[in-house]
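Novice: Quick one: this structure, given as structure tokens, is what I'll be asking you about.
Protein chains in written order, with the working numbering: chain A, 550 to 665; chain B, -3 to 110.
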């Protein structure tokens, strides 16, 4: 079974600085998708960024970028120029690309605090 | 369309009672998912529908849990004979069924079983 591990329960960053959240996963599949979701306090989860495993190029969305290391099964999220609105729980998630399963497998999350 | 909606947002019930939650997906989305999230954990998959067909169920979905999507639009999740261990946030998500299949989440229903 696939598993996703986020080893940092909590992280903090100063406003305008850069922070990196870690994620590792375990799978025997060669094709899959990886996601970072953001869950602000008392608000719904939203997708931050996604990565297709067959793409070598790391995904980027404005201030958010990933470092995808397929051989190491590592998928970290870098947030540049951190803003107060970035404070939230961040979840790393995995989805198989084939085999019929549509479920997302989530890590336990990292709580990010942004200090003014 | 303002996104995935869930009702009620909060439910407090006594152990042994039945509860039902509703999810309204984004209107053009043909896939609908249910997840459960307990405190300090990430969401755990429960089940998934494509249109009205329930195509995948987790082992977490015990016999006390049942989900329906009768006309391929809204969905209901019922828990019978609730237990204290059922206390959690129940999240619904929907997607268009595209290749990368981004799932859009609702705000959740927080269940407290006393």
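All C-beta atoms in this analysis are idealised placements derived from N, C-alpha and C, irrespective of residue type, glycine included.
1) By Cβ distance, which residues of its chain are closer than 7 angstroms to residue 103/B, with the 5 residues on each side in sequence left out?
2) Looking at the secondary structure, which residues open and close the beta strand (DSSP E) in which residue 598/A lies?
3) Would you call the stretch 38 to 49 of chain B in contact with the stretch 649 to 658 of chain A, where contact means no fewer than 3 C-beta pairs closer than 8 angstroms?
4) Here's a check: name, in chain order, each residue in its chain whose Cβ is nearer than 7 angstroms to the Cβ of residue 575/A, leaving out the five neighbours to either side.
5) So, are the CB atoms of residue 7/B and residue 107/B less than 8 angstroms apart?
6) Measure from the alpha carbon of residue 567/A to the alpha carbon of each residue in 594/A, 642/A, 644/A and 615/A, then state which is nearest.
7) Would you mind sorting residue 42/B into buried or exposed? The rule is 16 or more other CB atoms within 10 Å of its CB.
8) So what's residue 618/A in DSSP terms, helix, strand or just coil?
9) Nearest-angstrom Cα distance between residue 61/B and residue 592/A?
10) Check the Cβ-Cβ distances between residue 70/B and every residue of chain A, and say whether any is below 8 angstroms.
11) Identify whether residue 588/A lies in helix, strand or coil by the three-state DSSP scheme.
12) Give the secondary structure of residue 33/B by DSSP, where H, G and I count as helix, E and B as strand, and everything else as coil.
Specialist: In brief:
1) Along the second chain, read from residue 1 onward, the residue named residue 103/B stands at position 107. Correct list, in chain order: 2 and 5.
2) Within the first chain, residue 598/A is the residue found at index 49, counting from 1. Looking at the DSSP string, the run of the beta strand (DSSP E) that includes residue 598/A is 595 to 601.
3) Cβ pair count under 8 angstroms is three or more, so yes.
4) Stepping through the first chain from its first residue, residue 575/A is reached at position 26. Same-chain partners within the cutoff: 551, 552 and 622.
5) Here residue 7/B corresponds to residue number 11 of the second chain, with the count starting at 1. Here residue 107/B corresponds to residue number 111 of the second chain, with the count starting at 1. Yes.
6) Start at 1 with the first residue of the first chain, and residue 567/A comes out as number 18. For the residues 594/A, 642/A, 644/A and 615/A, the minimum Cα distance to residue 567/A belongs to 615/A.
7) Taking the first residue of the second chain as 1, we reach residue 42/B at position 46. By the neighbour-count criterion, in which 16 or more other beta carbons inside 10 Å mark a residue as buried, residue 42/B falls on the buried side.
8) In the first chain, counting from the first residue as 1, residue 618/A sits at position 69. Of the three classes helix, strand and coil, the one that applies to residue 618/A here is strand, per DSSP.
9) One-based indexing of the second chain puts residue 61/B at position 65. One-based indexing of the first chain puts residue 592/A at position 43. Looking at the two C-alpha atoms, the distance is approximately 25 angstroms.
10) Residue numbering aside, residue 70/B sits at position 74 when the second chain is read from its first letter. It does not: the Cβ of residue 70/B has no partner Cβ on chain A nearer than 8 angstroms.
11) The count along the first chain starts at 1 and reaches residue 588/A at position 39. Residue 588/A sits in a strand when the DSSP states are folded into three classes.
12) Locating residue 33/B in the second chain gives position 37, counting from the first residue. If DSSP states are grouped into helix, strand and coil, residue 33/B belongs with the strands.
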